[in-house]
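Asker: Numbering (the working numbering), first residue to last: 11 to 65. For every residue, glycine included, the Cβ atom is placed at its ideal position computed from N, Cα and C. No experiment lies behind these values; they were computed from the predicted model shown. This structure is in C-alpha coordinates; I'll ask about it shortly.
As C-alpha coordinates, then:
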(Lines of atoms letter the chains of each structure in order from A and count residues from 1; the text may use other names and numbers.)
(Lines give C-alpha, C1' and ligand atoms only; values in the text may rest on other atoms or scores of the structure.)
Protein backbone atom coordinates (compact mmCIF):
# COMPACT_ATOMS: atom_id res chain seq x y z
CA UNK A 1 0.00 0.00 0.00
CA UNK A 2 1.25 3.48 -0.85
CA UNK A 3 1.19 6.36 1.59
CA UNK A 4 1.20 10.11 1.01
CA UNK A 5 3.45 12.67 2.73
CA UNK A 6 1.17 12.77 5.81
CA UNK A 7 1.31 9.01 6.30
CA UNK A 8 -2.25 8.41 5.10
CA UNK A 9 -2.94 5.60 2.65
CA UNK A 10 -3.60 6.72 -0.92
CA UNK A 11 -6.45 5.28 -2.94
CA UNK A 12 -5.49 3.52 -6.12
CA UNK A 13 -8.52 4.06 -8.30
CA UNK A 14 -7.31 2.02 -11.26
CA UNK A 15 -6.73 -1.14 -9.23
CA UNK A 16 -10.08 -0.70 -7.48
CA UNK A 17 -11.74 -0.33 -10.88
CA UNK A 18 -10.18 -3.58 -12.06
CA UNK A 19 -11.42 -5.40 -8.96
CA UNK A 20 -15.07 -4.35 -9.30
CA UNK A 21 -17.22 -7.01 -10.96
CA UNK A 22 -18.67 -6.45 -14.41
CA UNK A 23 -22.25 -6.82 -13.17
CA UNK A 24 -21.79 -3.90 -10.79
CA UNK A 25 -20.39 -1.73 -13.59
CA UNK A 26 -23.30 -2.60 -15.89
CA UNK A 27 -25.82 -1.79 -13.17
CA UNK A 28 -24.18 1.61 -12.66
CA UNK A 29 -24.44 2.31 -16.38
CA UNK A 30 -28.14 1.36 -16.35
CA UNK A 31 -28.86 3.82 -13.55
CA UNK A 32 -26.72 6.60 -15.03
CA UNK A 33 -29.59 7.94 -17.15
CA UNK A 34 -31.74 8.33 -14.04
CA UNK A 35 -28.99 10.22 -12.21
CA UNK A 36 -28.48 12.51 -15.21
CA UNK A 37 -32.21 13.20 -15.55
CA UNK A 38 -32.61 13.86 -11.84
CA UNK A 39 -29.69 16.28 -11.82
CA UNK A 40 -31.17 18.20 -14.76
CA UNK A 41 -34.58 18.42 -13.06
CA UNK A 42 -32.94 19.55 -9.83
CA UNK A 43 -30.98 22.26 -11.64
CA UNK A 44 -34.15 23.54 -13.31
CA UNK A 45 -35.88 23.69 -9.92
CA UNK A 46 -32.95 25.62 -8.47
CA UNK A 47 -33.04 28.10 -11.33
CA UNK A 48 -36.81 28.57 -10.97
CA UNK A 49 -36.38 29.07 -7.23
CA UNK A 50 -33.67 31.65 -7.76
CA UNK A 51 -35.83 33.47 -10.30
CA UNK A 52 -38.76 33.58 -7.87
CA UNK A 53 -36.63 34.74 -4.94
CA UNK A 54 -34.73 37.40 -6.85
CA UNK A 55 -37.78 38.93 -8.55
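Strictly by DSSP, which residues pair up with residue 19?
Answerer: 13
Asker: Give the straight-line distance between the Cα atoms of residue 14 and residue 43, rounded to the nearest whole angstrom.
Answerer: 36 Å
Asker: Output needed for residue 38: all residues of its chain with C-beta closer than 7 Å, excluding positions within five of it in sequence on either side, in chain order.
Answerer: none
Asker: To the nearest angstrom, how far is it from the Cα of residue 25 to the Cα of residue 34?
Answerer: 15 Å
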